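Residue numbers (the working numbering): 69 to 215. Just so you know, even glycine gets a beta-carbon here, dropped at the ideal spot from N, CA and C. Given the structure is predicted, the values throughout are model-derived calculations rather than measurements. Okay, so here's the structure we're looking at.
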């Protein structure tokens, strides 16, 4: 059985919830990624994605230079552990329609991230089915910015 530690990306860059949305976007550009885990010290507190920035910040007219990551990040983050099976994590991704999941160690520290792309290049079984489920339309998520 292949586990997440076999396919995950290690040495993941994180960002503080107090950084600006602009800094998050710059970091995504520098790293060529679409999501960055948000940590407060060593604790995972959320994820910010390029979609969060676009839909929850830019689309509602917020200033990316002053808007904080904490104001637009997703806080209900699904995580996995290094010893979980790849299939189990693919099922989680499909259930919650996400393409990336942070990987935590036994003490809750972030040790990596696993993306659908990681799995596709290192473990091709069932990736097509998961992608179909992730790509199904869902309701827009604008709750973080609506008052």
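- Two segments are said to touch when three or more pairs of C-beta atoms, one from each, lie closer than 8 Å; by this definition the stretch 154-164 does not touch the stretch 77-92.
- Across the structure, residue 94 and residue 69 are spaced so that their CA atoms are roughly 38 Å apart.
- A Cβ-Cβ contact shorter than 7 Å links residue 186 with residue 75.
- In this structure, the alpha-carbon of residue 182 lies about 27 Å from that of residue 126.
- Between residue 118 and residue 141, the gap from beta carbon to beta carbon reaches 7 Å or more.
- For residue 163, the uninterrupted alpha helix (DSSP H) segment begins and ends at 154-164.
- By the neighbour-count criterion, in which a residue is buried when 16 or more other Cβ atoms sit within 10 angstroms of its Cβ, residue 137 is buried.
- When the beta-carbon positions are compared, residue 143 and residue 176 stay at least 7 Å from each other.
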